[in-house]
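The structure appears right after this line, and notes come after that.
There are 2 protein chains.
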Amino acid sequence: MSEVVTQNRRRGGRVARQAIRSAPLTEETRAIHPGLESGNFKVLSDLQIKRIHTAVLDVLENIGLADAIPSCIDVITAAGGVLKDNGRLTFPRALVEDMLTKVNRNVVLYGQDPKHDMELTGRKTYFGTAGAAVHMVDAQTGDYRESTTQDLYDIARQVDKLDNIHFFQRSVVCRDLPDPFDMDFHTCYASVSGTTKHVGSSWVEVDHFEKSLEMLHMIAGGEKKWRERPFVSMSNCFVVPPLKFAEDACKCLEASVRGGMPVLLLAAGQAGATSPASLAGAVVQETAEVLAGLCYVNAIEPGAPAIFGTWPFVSDLRTGAMSGGSGEQALLVAACAQMGEFYDLPTGVPSGMCDSKVPDYQAGAEKGYNHAITGNSGTNLVYESAGMHASLLGFCMESLVLDNDTIGSVLRTVRGIEVNEDTLSLEAIRSVCEEGPGHYLGSDQTLSVMQSEYFYPETGERSSPNEWDEKGKPTALSIATEIVKDTMANHHPRHISEELDREIRQKFDIKLPRALMSKSVNN
Amino acid sequence: MSEVVTQNRRRGGRVARQAIRSAPLTEETRAIHPGLESGNFKVLSDLQIKRIHTAVLDVLENIGLADAIPSCIDVITAAGGVLKDNGRLTFPRALVEDMLTKVNRNVVLYGQDPKHDMELTGRKTYFGTAGAAVHMVDAQTGDYRESTTQDLYDIARQVDKLDNIHFFQRSVVCRDLPDPFDMDFHTCYASVSGTTKHVGSSWVEVDHFEKSLEMLHMIAGGEKKWRERPFVSMSNCFVVPPLKFAEDACKCLEASVRGGMPVLLLAAGQAGATSPASLAGAVVQETAEVLAGLCYVNAIEPGAPAIFGTWPFVSDLRTGAMSGGSGEQALLVAACAQMGEFYDLPTGVPSGMCDSKVPDYQAGAEKGYNHAITGNSGTNLVYESAGMHASLLGFCMESLVLDNDTIGSVLRTVRGIEVNEDTLSLEAIRSVCEEGPGHYLGSDQTLSVMQSEYFYPETGERSSPNEWDEKGKPTALSIATEIVKDTMANHHPRHISEELDREIRQKFDIKLPRALMSKSVNN
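Protein chains in written order, with the working numbering: chain A, 1 to 523; chain B, 1001 to 1523.
So, in structure tokens, the structure goes:
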């Protein structure tokens, strides 16, 4: 084999290479783009899906959820739900089926810049971040330190620059802000200030949310404009698995629906701890929980934008600790995504929550196989897809850039292969074989598809061992480190004008100094 | 989210953990095993497969292959093939369809130890190595040095110990043996001496092969026993893409068929260089080439064991260099595997040929997504799956061990999810929710599936950041390094007895000193 390889490398075809290198890479000719149609990986058969669906209905009708707040009980019982003697709120089959007819299946998650809008129709797939890590990881030393508001803002800026990270859900906790209101408010402020992509955030109390919404109205140019294009969604853990409502989160959920903010209905059962260790059982519980949330949202307001957020996690049963990088994780998520497809719901699942503490081989492998499976599962949104380490406890800026490339390669697999008269290449094969030159380097077809068929990673190191040695052995990580440095020094988003920011600061006590948000702008 | 995670970690459930840790891990209860049924990833639709098939028949019937040797022309024309005026040997549709009825669809690749036998029926999937790297990679420094016979033997020994590497195709070139006969013969000798798993090897001339076969007869206990359980297959590049036969390789192919050795019919076109840059076209050419080889084998001897070895490679079109780690690589391989499934052929494709020079993030990611796609594609054999770097130019021992774990996780995804009354877990969910304790830690179901549902990687570092720091920040690589050291010091296969080895050494000039093969046995 190595002879073949060496030979091919020698016949590089200088003319072809130069033509390729000098060609511009426009958006239209890129091999990948946001919203590629996904779904080529099917872990569940149709029969398995139906059996899970039947079990889900059984759970909702007979077991139901505990700890519903009065307003939840009101809307669900009004819609046909039953509060049982044991205090559990149950969802009869007819109620669930009824609510599934009311669901909004044309959810758009807007960006502040419309070019980042994401249409969650069909099986269009988008990748983004999520949270919430409590540490920043030093990629070189592996040291973990507490994450800050400035970190969150800087991550948003880096996300703003990465082609394959399509949305930004707040990735780290602002641990420099011990007051819960400050934390919630600034999480939203730093995120929307750092990127024009769609933002996901979360709030622990309704009044934190409402103050943030006031700020969002200001940025949008008034409530009406906000409601036309809500560019922030709420990540909402309305359920504490197994099958218990979370009081404060439910209040926030209701506020989100009233405020016109799309809500990510997030159930994060950990198999073997807070959901069944049996994978099929974990899928059943996840699906039941999120469907309960979907009924809740649509009972409040039919068609309110909501995302089927099945986030099944995995325990390493030897220790009880979460294992976000495992193969079981990929399976659970892919199965849940198929359930979302079965119900034809806007669906969002997590992937890339590697167990490794640093951007090493293990991190790459765990992210690689999880993204390949999840990206091809038919989910609309892939959360947690970049920067995460230690099963969500750490965030690494360099990993964000590395993961952007891994996602790019995975998106290329999502796109698949086009088969038509041109791509079948019969004439190209015939002419090369019968008329020469006996290879395809520099052929018209090769030059014409060099950008449309192939994705070129920014950090992917593809030189030969000799060239690599001569260059000083650069690694993907060393290349990513330079990219981060460049972004931090040079990318200072200005979509929120200085004037508007001044108004926000007059109204709210913003603790992220304006100077720090542009400290390097004149460097 | 982080709150959920932290909470779950705290409720670890000491009793459950201890029970789990002390339970033995037997073969029957392992979550994964060799030969799992694959095929949940389908990049091609049925219609696309048919269009490719039609194009393949067109290529074979109208373009055919150049440079057929006389014996090949004889058997193919006798079966209905046509030698055209331009010297190309063409394969009419009827010939191809006829040969497809004669193919051996029950190929078994035997191990010297029957526990390693691999049945290539249906879509049973096995992972193994292949070659042939010309360098060994120092995992710590990234230094590349020429590979030797001793390296090959040591790699075989390490493969012998790894659960998820199911076969050993010779992975490196014995560059200390400049004589081509010595190289071919010792490649075979070192491989079969180092492991009882099935071995793949290659030969550049027929007499090298025949001498090696004499040795294999000795090891088997005579030719008859060899023919009953041939434990070595021939990796054969009978075609030089695009669509040219390779003279010496064809002679070896014929010798392999006569000698009762299964043959891997390997076409390794590099898209954009030696096959079309358009992915669909590359699949067409690959499939046509390997089907030509399959006709050749079955025209010589109907039902001779052969493997549909579509090995499509990718060029980085900016440089012409091979890019084995790309997403396009995964797509091409998955499509070819589906063609193999369409014809119901024993199929073998490559995966894991990462571009990175060292076992870093890039290597992990490239191997991760390629293995996830390829492993789920329905191929029977995944070659090149462990140890490879620099698009097949380098081999790293530590990566072999790391990749064994990546493959393990991917195999877990291949197995999928079982859905039945037990796994749906309705009773477990009900009792935990309605009767307590409100979590699944330590429940009967959790304990009973801890081994059967979950794969535990040897090198996967899953501790929390704090625990990890206390342990001195071990990485998957540092753990793999220890495993390699231990194997090298302690694992000295003895399946070829000292007496038999002495007989082999009397008959052949073995250049790998016996002492070196067991140098550390008494340490």
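Cβ coordinates follow ideal geometry from the N, Cα and C atoms, glycine included.
- Query: Does aspartate 1074/B come within less than 8 Å of chain A when only Cβ atoms are used?
  - Reply: No, because no Cβ of chain A sits closer than 8 Å to the Cβ of aspartate 1074/B.
- Query: Expressed to the nearest angstrom, what Euclidean distance is found between the alpha-carbon atoms of glutamate 1223/B and histidine 1217/B?
  - Reply: Distance between the alpha carbons of glutamate 1223/B and histidine 1217/B: 5 Å.
- What residue from Ala1068/B, Arg1093/B, Glu1097/B has the CA that sits closest to leucine 1083/B's CA? Ala1068/B
- Interface partners of phenylalanine 1091/B on chain A, CB under 8 Å: Those within 8 Å of phenylalanine 1091/B in chain A number zero; the least Cβ separation is about 14 Å.
- Looking only at its own chain, which residues have a Cβ that is under 7 Å from the Cβ of asparagine 106/A, when we skip the five neighbours before and after it? Thr121
- For serine 1275/B, does the three-state DSSP call read helix, strand or coil? strand
- According to DSSP, is arginine 258/A helix, strand or coil? Three-state result, arginine 258/A: helix.
- Task: Taking glutamate 1341/B as the reference, give the member of Gly1364/B, Thr1310/B, Met1353/B, Ala1321/B with the closest Cα.
- Result: Thr1310/B
- Message: Which residue wins for smallest C-alpha separation from alanine 489/A, given the options Asp143/A, Val56/A, Ile155/A?
- Response: The option with the nearest alpha carbon to alanine 489/A is Ile155/A.
- Query: For chain A, is any of its Cβ atoms less than 8 Å away from the one on histidine 1033/B?
  - Reply: Histidine 1033/B is outside the set of residues whose beta carbon lies under 8 Å from a beta carbon in chain A.
- What did DSSP end up calling leucine 1331/B once you bin it into helix, strand or coil? It is helical.
- On the three-state DSSP scale, how would you describe isoleucine 307/A? strand
- Query: Does DSSP classify tyrosine 1383/B as helix, strand or coil?
  - Reply: Looking at tyrosine 1383/B - three-state DSSP - the assignment turns out to be strand.
- Could you name the residues of chain B that proline 180/A contacts, counting a contact when the two beta carbons are closer than 7 Å? Chain B residues near proline 180/A: none, gap ~12 Å exceeds 7 Å.
- Considering threonine 524/A, what are the terminal residues of the beta strand (DSSP E) in which it resides? In the structure as shown, chain A starts at 1 and stops at 523, and residue 524/A therefore has no counterpart that could be examined.
- Message: Classify glycine 527/A: buried if its beta carbon has 16 or more other beta carbons within 10 angstroms, exposed otherwise.
- Response: In the structure displayed, chain A extends from 1 to 523; residue 527/A sits before or after that span and is not available.
- Do you know offhand how far glycine 1012/B's Cα is from serine 1431/B's? Because the pLDDT of glycine 1012/B is 45, which lies under 50, any placement of that residue in the model is unreliable, and the number read from its coordinates should be weighed accordingly. Between glycine 1012/B and serine 1431/B, the C-alpha separation is close to 20 Å.
- DSSP three-state call for leucine 1037/B: helix, strand or coil? Position check: residue 1037/B holds glutamate in this sequence, whereas leucine was assumed. Glutamate 1037/B falls in the strand class under three-state DSSP.
- Item | 8 Å CB neighbourhood of serine 2/A in its chain, flanking five on each side removed | Its pLDDT being 44, under 50, serine 2/A is placed unreliably in this model, and the value from its coordinates should be taken loosely. Same-chain partners within the cutoff: there are none.
- Sheet register partners of alanine 133/A (DSSP bridge): According to DSSP, which records beta bridges pairwise, alanine 133/A is partnered with Val172/A.
- Cβ-based burial, asparagine 466/A [other Cβ within 10 Å; buried from 16]: So asparagine 466/A counts as exposed.
- Task: Assign leucine 65/A to one of two classes, buried (16 or more other C-beta atoms within 10 Å of its C-beta) or exposed (fewer than that).
- Result: buried
- Members of the stretch 1462 to 1494 of chain B near chain A, C-beta cut-off 8 Å: Those would be Arg1462, Ser1463, Ser1464, Pro1465, Trp1468, Asp1469, Lys1473, Thr1475, Ala1476, Leu1477, in chain order.
- Task: Report the rounded CA-to-CA distance for glutamate 1119/B versus isoleucine 1165/B, giving the unit in angstroms.
- Result: 15 Å
- Task: Give the DSSP-derived three-state secondary structure of valine 1284/B in the structure shown.
- Result: helix
- Query: Closer than 8 Å, CB to CB, is proline 249/A near chain B or not?
  - Reply: Correcting the residue type first, residue 249/A is alanine in the shown sequence and not proline. Alanine 249/A does not count as touching chain B.
- Task: Indicate whether at least one CB of chain B lies closer than 8 Å to the CB of arginine 9/A.
- Result: Annotation note: pLDDT 41 at arginine 9/A (below 50); position unreliable, coordinate value reported separately. Chain B, which has a Cβ nearer than 8 Å to the Cβ of arginine 9/A, makes this yes.
- Item | Any C-beta of chain B under 8 Å from that of valine 449/A | yes
- Item | Simplified DSSP assignment, three categories, for lysine 1511/B | coil
- Task: Measure the C-alpha to C-alpha separation of glycine 1272/B and leucine 1317/B and round it to an integer number of angstroms.
- Result: So the two alpha carbons sit approximately 7 Å from each other.
- Any 3 or more C-beta pairs closer than 8 Å across the stretch 1343 to 1360 of chain B and the stretch 1323 to 1330 of chain B: Between the stretch 1343 to 1360 of chain B and the stretch 1323 to 1330 of chain B, the count of Cβ pairs shorter than 8 Å is three or higher; the stretches touch.
- Is any heavy atom of the ligand NAD found at a distance shorter than 7 Å from the C-beta of aspartate 1058/B? Judged by which ligands are present, the structure shown has none, so any question about the ligand NAD falls away.
- Task: For the beta strand (DSSP E) containing glycine 526/A, list its first residue and its last residue.
- Result: This structure cannot settle anything about residue 526/A, because the visible part of chain A is limited to 1 through 523.
- Message: 8 Å is my cut-off, CB to CB: does lysine 1115/B come that close to chain A?
- Response: no
- Identify the continuous beta strand (DSSP E) that holds methionine 1264/B and give its terminal residues. Residue 1264/B is actually leucine in this sequence, not methionine. Under the DSSP assignment, leucine 1264/B falls in the beta strand (DSSP E) whose first and last residues are 1263 to 1267.
- Message: To the nearest angstrom, how far is the alpha carbon of serine 1171/B from that of valine 1358/B?
- Response: 16 Å
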